[in-house]
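Residue numbers (our numbering): 113 to 915.
Below you'll find the structure, written out as structure tokens, and then a few comments.
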Amino acid sequence: MPADQPAAGGARSRTLGSPAPATRRSDASRHRLLWSMATLSILAAGAVGSVLGAHIVAQDRARSARAAFATSSATIAGTLRLAIQHEQDLAVSAGAFVAADGATTESSFEQWATAEHAFARYPELQGIAELALVPESDLGTFAAGAARSSTGGAYEVVPPGSRAFYCLATVSVTRPGQGAPVAGLDYCDSPLAGAFLRSRVSGRGSYVPFGTAPDTELGVGTPIYRGGREPSTPAGRLAAFVGWTGTEIRPSVVLSTALAGHRGTAVAFHYLGGASDVTFRSGRVAAGAQSVSIDLHNGWQVQTFAAVQGNGIVGDWGALLLLLVGLAFSMVLGALVYVLGTGRARAVSLVEERTDQLRYQALHDSLTGLPNRVLILDRIEQMLARARREHGPVAVLFLDLDDFKDINDTLGHNAGDRLLASVAARLSGALREGDTVGRLGGDEFVVLLEGASLAAGPEVVADRILDVLATPFDLPGGEMPLTVTASIGIADGDRPAPEELLRDADIALYEAKAAGKRRAVLFAPSMQDAVDVHRNLEIDLFRALEAEQFFLLYQPTVDLGTGAFTGVEALLRWQHPQRGVVQPNDFISVLESSGLIVQVGRWVLEAACRQGAIWHGRGHRVTVSVNVSARQLERDRIVNDVRDALSTSGFDPSMLLLELTETALMHDVEATTARLHLLKDLGVRIAIDDFGTGYSSLAYLRQFPIDILKIDQSFVRDIGNTAEAAALVHTLVQLGKVLGLETIAEGVEDDDQRFRLRAERVDTGQGFLFARPLDVAEIDRLLEGNDRHAVRDVEGRRAAEAI
């Protein structure tokens, strides 16, 4: 025992100075047990969270799939609705042509169809004809007239027989390559008869299938009434009935067009109206497919079929991947917690982690997680340095979302933030691993490209980005997918500083916006000069209104029948202190883009009404026309501006004519229609300027309270040179007559044009043939000279004074 004594003392000493080995092992085991339990809790919570998250993702993806199917169905229905509307527009146009012509022949009808490009614009159209209801007592006269106009000999009714009346084609035209219709075919003795006859009273077009599957076609009969207007009562419709416009349509073409781009989708197109009950189908309905029915509210109903992803985790690879990743992350997190909890390096790791977070926050955008301006400029500098060493290509793409402000204004800033995050994710997914995507702020993004990414040029990458953004965005909480477009400016090559490369890309972006948006533009040095000119011009325009540098000229309008001076159109000019008189083409677009057009347009209204009131006070009852821009029309303020100009000047509202372009009218049809009715309530008249060059349909044209159609000068210029221009002018004039609208021809420059326009019964002319834009003094001489038939004499006086 004595020999063991030191050992015992040593053991005691160790107990006082530090825990005994057994105690340390016990404490360590207890700590390990506690951290093991914590790790197991983390693993359990992670597993539960992963399952719940995967389930939520599966449900969300299923909802997205259903939403995508609903969007696809709405797109298909919209395509079919548009096809029906276009067919109705064609039938109305054909009926208006026949009603206005009075003695339509096969040749003139074919010329009309050619001028309308009927078979090119309507690939489903097989033929179109005008049908007349011929009583038996008039059959002989009708047959004799038909035989004289035909080269096929005697006219015979098919099928033969005596009936109270017959439905016979007066003129017809068929798609090239199609067989000509049977001459003398009595449509009242065919499956089309009942529906066609009922349409006389109802006033609604009838739809009747005929033929055998799979080539079943659709016969459409649209009633025509005298004067081009449908009476409001059945008796009135019977009394005014003239005939039908009959069209032969191949539904398979319409359905194939509607299904283009919608793989795995089938559609059933059904019409139920009166006694018409028609259904056409296209595509194969997959097993277990879901369906969506959409009522087009015009007798037609669209039902689409497609297989839609379910809600299960196993059946959804994205949800399954999330589950596996979540479980893996939980295991990694548990192991990390265990290691940190049992190791002395935990504090150091936490400090380093916090430092990394602060560094990340200083260099990255908080909303999208992308590099911010500071980091972007640093990476551009590194990219330029590598390019100088390796002589490789570099490029910067400056991207800006088009009309993003409208999204924030209409849907709110939360929706805008969600959209920006989604855009950032798509941009990141569309690029190579070595490329950089950053956000500078707002809706501005930057993409840095170098090396292999530029093998095909930066324009190819820009086009790929535009295509990626074209797919609608499904935002959380959004009612429907949101479609956005972007404009991209590109700058490539070396620069002394990263800011200069970024600046040049920004200038190119401005050019892309000015060129119409949703496009990419490569920077050129001349753009910098254009930016400086535009900036200086905008600054000068801000000063011009306050400095009273704007003035008006007035171009007379003339009655083509009498030669009388009827009114003037107010035209804006700018007297620049250094440049002299600046023409509208050089500054109107800048007024539009800067928003100054609203203030300047208000001044034009006030000045034109004041001058009109002065002329009226002298006994000269002339109309005054004022152009209204799209930016003015999209605000309710335009109604107050017109009211204030009229009340301040005392000008007669009925003598004020507001001119609007088709593009301005179609910007927001519902809101525009409401504002036009408010303007009409003030007593003013409304004209469509440059009519025929826009994209408004006849259906929309009938909604707008329009008084006057102004035929664009491009049609007037070619009226004596091409048959197409002459036919278009004829059609536009007849359309105006049918709708009860006055017509004004712009750009009349020679007597041949004037004679042709007068022969077409155009009401009023305007152009250099009569007078160039004149100042107030010249208009005063024109009025006070009391010679209403010699407007062009003013031009002679101006030439003499110049000499």
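C-beta: ideal position from N, C-alpha, C; glycine also.
Item: Paired residues, beta bridge with Ala857 - DSSP; Value: Ile823, Gly877
Item: Bounding residues of the alpha helix (DSSP H) (the contiguous stretch that carries Gly520); Value: Per the sequence shown, residue 520 should be read as Asn rather than Gly. 516 to 523 is the extent of the alpha helix (DSSP H) around Asn520.
Item: For Ser706 and Leu653, believed in contact at Cβ under 8 Å, the rounded distance; Value: 7 Å
Item: Rounded C-alpha distance that separates Ala189 from Ala156; Value: 49 Å
Item: 8 Å CB neighbourhood of Arg396 in its chain, flanking five on each side removed; Value: Ala378
Item: Whole-angstrom distance between Thr480 and His143, CA atom to CA atom; Value: 40 Å
Item: Contact belief for Leu434 with Val169 at Cβ below 8 Å, rounded distance in angstroms; Value: 5 Å
Item: Alpha carbon of Ala399 to alpha carbon of Phe181, nearest angstrom; Value: 16 Å
Item: Environment of Gln744 [buried if 16+ CB atoms lie within 10 Å]; Value: buried
Item: Spatial neighbours of Leu532 in its chain, beta-carbon cut-off 7 Å, leaving aside the 5 residues before and after; Value: Leu479, Thr480, Asp555
Item: Three CB pairs or more closer than 8 Å across the segment 367 to 384 and the segment 871 to 890; Value: no
Item: Inter-residue Cα distance where the pair is Gly207 and Val246; Value: 18 Å
Item: Bridge-paired residues (DSSP) for Ala378; Value: Phe417
Item: Status (buried if at least 16 other CB within 10 Å, exposed otherwise) for His842; Value: buried
Item: Three-state secondary structure (DSSP) of Gln667; Value: strand
Item: Beta-carbon proximity check, Gly411 vs Tyr383, cutoff 7 Å; Value: yes
Item: Boundaries (first-last residue) of the beta strand (DSSP E) holding Glu556; Value: 556 to 562
Item: Span of the beta strand (DSSP E), counted from its first residue to its last, around Ile361; Value: 353 to 361
Item: Min CB distance Ala857 to chain B below 7 Å; Value: Given the protein chain composition of this structure (a single chain), no chain B is represented.
Item: Check whether Asp477 and Arg551 have beta carbons under 7 Å apart; Value: yes
Item: Residue environment, Gly897, which counts as buried when at least 16 other CB atoms sit within 10 Å; Value: exposed
Item: Cβ pair Leu487, Leu475 closer than 7 Å; Value: yes
Item: Spatial neighbours of Asp58 in its chain, beta-carbon cut-off 7 Å, leaving aside the 5 residues before and after; Value: With the chain running from 113 to 915 in the structure shown, residue 58 is simply not present.
Item: Cβ-based burial, Tyr267 [other Cβ within 10 Å; buried from 16]; Value: buried
Item: Any 3 or more C-beta pairs closer than 8 Å across the segment 556 to 571 and the segment 502 to 509; Value: yes
Item: Cβ contact (3+ pairs, closer than 8 Å) linking the segment 859 to 879 and the segment 661 to 671; Value: yes
Item: Anticipated Cβ contact below 8 Å, Glu771 with Asp801, distance rounded; Value: 4 Å
Item: Residues bridged to Asn739 (per DSSP); Value: Glu771
Item: Limits of the unbroken beta strand (DSSP E) element including Leu683; Value: 677 to 688
Item: Residues near Glu854 in its chain [Cβ-Cβ closer than 6 Å; skip 5 each side]; Value: Ile820, Asp875
Item: Option in Pro335, Phe322, Leu145, Pro321 with minimal Cα separation from Ser314; Value: Pro335
Item: Helix, strand or coil at Asp529 according to DSSP, with G and I counted as helix; Value: helix
Item: Per-residue DSSP class, three states only, for Glu591; Value: coil
Item: Reference Ala567, options Phe585, Arg544, Ala195, Asp586, closest by Cα; Value: Arg544
Item: Rounded C-alpha distance that separates Asp547 from Leu539; Value: 10 Å
Item: DSSP-derived helix/strand/coil call for Gly446; Value: helix
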